[in-house]
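Notes to accompany the following structure.
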Amino acid sequence: MLGAYAIAYGSPDVLEVRELPIPSPSGKEVLIKVNAAAVTRAGCMMRTGRPLFGRLMLGLFRPKHPVPGSTFAGEIVAVGSQVSEFKVGERVAGNAAEKGGSHAQYLVTPADGVIVPLPDHISDPVGAVICDGGITGLNFMKVVSGVEFGHRVLINGASGSVGSSALQVAKSLGAHVTAVCGSNNIEYVKNLGADEVIDYRTQNVMKHGKKFDVFFDTVANYSLKKVRSILTESGIYVSPVISWPLLGSVLFSGVAGKQKAKFAATGLAESTIQRKWMKDVISLIDSKKIQFEVNHVYSLSQIREANQFIDSGHKRGNAIIDMTLPISH
Ligand SMILES: NC(=O)c1ccc[n+]([C@@H]2O[C@H](COP(=O)([O-])OP(=O)(O)OC[C@H]3O[C@@H](n4cnc5c(N)ncnc54)[C@H](OP(=O)(O)O)[C@@H]3O)[C@@H](O)[C@H]2O)c1
946 MLGAYAIAYG SPDVLEVREL PIPSPSGKEV LIKVNAAAVT RAGCMMRTGR
996 PLFGRLMLGL FRPKHPVPGS TFAGEIVAVG SQVSEFKVGE RVAGNAAEKG
1046 GSHAQYLVTP ADGVIVPLPD HISDPVGAVI CDGGITGLNF MKVVSGVEFG
1096 HRVLINGASG SVGSSALQVA KSLGAHVTAV CGSNNIEYVK NLGADEVIDY
1146 RTQNVMKHGK KFDVFFDTVA NYSLKKVRSI LTESGIYVSP VISWPLLGSV
1196 LFSGVAGKQK AKFAATGLAE STIQRKWMKD VISLIDSKKI QFEVNHVYSL
1246 SQIREANQFI DSGHKRGNAI IDMTLPISH
């Protein structure tokens, strides 16, 4: 089979497309023919091995698991002897975050990991992004922020994978959503349901004149300290982007008042919880409360271009490797 392979940590140039052995599933694993896999910001961080403390898990000097890619949609082609949850031929979607490997034609992953059946009416490209922005938006709006009917929520970076999902989840919970995005994405976020839009290139978020219960910062160019004046008395600053200052605010905010900072790592939640979130997202798709646009599609041969684009930070909606496209290497 063909798959992407990272020869070291670094720029997209560390990625090669190589002939690799098809992995075989052990007793509790399934072998999946990958049809689509998301290209994500988290994946690009793993490629660079930064922040450096991440290398304690990823491999000190080079990637321990050199085939990149975590989320996937595809078809089960073999099951281990102890697998009863899935059958050969079943369509599935999920996240192989522990060992990665979804930027390849075949992938093995534990049958009791983050993997659920994918209904026929959901395409592989959409299935592949459910575990990126999809469940992250759901986790941050519903669980971390506790968004309720009538809350005023600001989403900074509302045009990205996480932001566009969070926007729609917040709307489905009955919140009033102010989306912050660039002028090129105003129509896009309005179509997703934003009540108000702030163009970060021409308008000042801090001078909007409204107070927010939740400031969800997917770009991480704000902080609790910066936005205190536009939060309600018990408002929260929430960001999915880990940093030492954010962790400091998470630990110490709330000591001198009700305003707090919050962070969570969606991919580190237990598999059972992530599977439940995936099913919740699928229900939201079914009830037409959420839609995922896959605006950037690459073949496996374009793995470097795909990574360069994600590194730029200008994604609208979602990006995938479409494994059904012809591969040249
Ligand atoms: N903790 C977790 O559980 C978790 C899970 C998944 C992802 N993440 C993290 O979440 C972050 C966001 O991921 P993502 O995939 O949503 O990123 P993304 O798709 O690259 O989205 C970034 C979006 O923000 C817009 N943008 C850029 N600069 C902006 C600014 N100054 N103000 C407002 N919008 C701006 C970009 O559009 P334009 O540049 O065209 O304006 C783009 O649409 C990443 O750091 C990722 O690692 C965390």
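Taken in order, the sequence shown gives residues 946 to 1274; the numbers are from the working numbering. The C-beta atom is built at its ideal place from N, Cα and C for all residues, glycine as well.
Same chain, Cβ closer than 8 Å to residue i, neighbours up to 5 away in sequence not counted
| i | result |
| --- | --- |
| Asn1130 | Ala1103, Ser1104, Arg1261 |
| Thr1081 | Ser1106, Val1107, Ser1110, Ala1111, Pro1185, Thr1211 |
| Ala1209 | Asn1084, Phe1085, Val1088, Val1089, Pro1185 |
| Val1028 | Pro970, Gly972, Lys973, Glu974, Val975, Ala1056 |
Close beta carbons around residue i, own chain, < 6 Å, minus the five adjacent residues each side
| i | result |
| --- | --- |
| Asp1162 | Asn1101, Ser1184 |
| His1241 | Ala1264 |
| Gly1079 | Ser1110, Val1226 |
| Arg1275 | Residue 1275 cannot be examined here, being either before or after the span of the chain that is shown, 946 to 1274. |
| Val1074 | Ala983, Phe1237, Asn1263 |
| Gly1119 | Phe1094 |
| Ala1165 | Ser1184, Val1186 |
| Leu1099 | Thr1123, Phe1157, Phe1160 |
CB of residue i within 8 Å of CB of residue j, strictly
| i | j | result |
| --- | --- | --- |
| Ala949 | His1066 | no |
| Leu960 | Ser969 | no |
| Asn1252 | Pro996 | no |
| Leu1245 | Ile1266 | yes |
| Gly1025 | Lys1087 | no |
| Val1061 | Ala1038 | yes |
| Lys1234 | Ser1117 | yes |
Option nearest residue i by Cα separation, candidates the options
| i | options | result |
| --- | --- | --- |
| Gly1193 | Arg1173, Thr1211, Ala1214, Ser1168 | Ser1168 |
| His1010 | Ala953, Lys1116, Thr1016 | Ala953 |
| Met946 | Pro966, His1121, Asp958 | Pro966 |
| Gly1045 | Val1024, Arg992, Val1033 | Arg992 |
| Glu1030 | Glu1132, Pro1055, Ala951 | Pro1055 |
| Val1239 | Ala951, Val962, Ala982 | Ala982 |
| Ile1143 | Thr1016, Val1122, Lys1171 | Val1122 |
| Ile1181 | Asp1140, Ala1206, Ile1187 | Ala1206 |
| Asn980 | Gln1148, Val1059, Val1164, Asp1069 | Asp1069 |
| Ile1175 | His1153, Glu1043, Ser1216, Trp1189 | His1153 |
| Ile1147 | Gly1127, Lys1155, Val1164, Glu1141 | Reading the sequence as shown, one finds Thr at residue 1147 and not Ile. Out of Gly1127, Lys1155, Val1164, Glu1141, Gly1127 has the C-alpha closest to the C-alpha of Thr1147. |
| Lys1170 | Gly1199, Tyr1145, Ala1124 | Gly1199 |
Distance between residue j and residue i (C-alpha atoms, nearest Å)
| i | j | result |
| --- | --- | --- |
| Gly999 | Arg1007 | 12 Å |
| Met1268 | Met1151 | 43 Å |
| Leu1137 | Ala1041 | 29 Å |
| Gly1091 | Val1114 | 11 Å |
| Ile1272 | Arg1249 | 13 Å |
| Lys1221 | Cys1076 | 11 Å |
| Gly1258 | Gly1202 | 34 Å |
| Met990 | Val1033 | 33 Å |
| Asn1187 | Glu1020 | Looking at the sequence provided, one finds Ile at residue 1187 rather than Asn. So the alpha carbons of these two residues sit roughly 33 Å apart. |
| Leu1001 | Val1059 | 22 Å |
| Arg963 | Ala1139 | 43 Å |
| Leu1270 | Phe1254 | 19 Å |
| Ala1023 | Gln1050 | 14 Å |
| Lys978 | Pro1013 | 15 Å |
| Ser1216 | Gly988 | 19 Å |
Chain-order list of residues whose beta-carbon lies under 7 Å from that of residue i (same chain, five-residue window excluded)
| i | result |
| --- | --- |
| Leu1063 | Ala1018, Arg1036, Val1037, Ala1038, Gly1072 |
| Tyr1133 | Ser1104, Arg1261 |
| Arg986 | Ile1255 |
| Lys1135 | Val1142 |
| Glu1178 | Lys1203 |
| Val930 | There is simply no residue 930 to check, as the chain begins at 946 and stops at 1274 in what is shown. |
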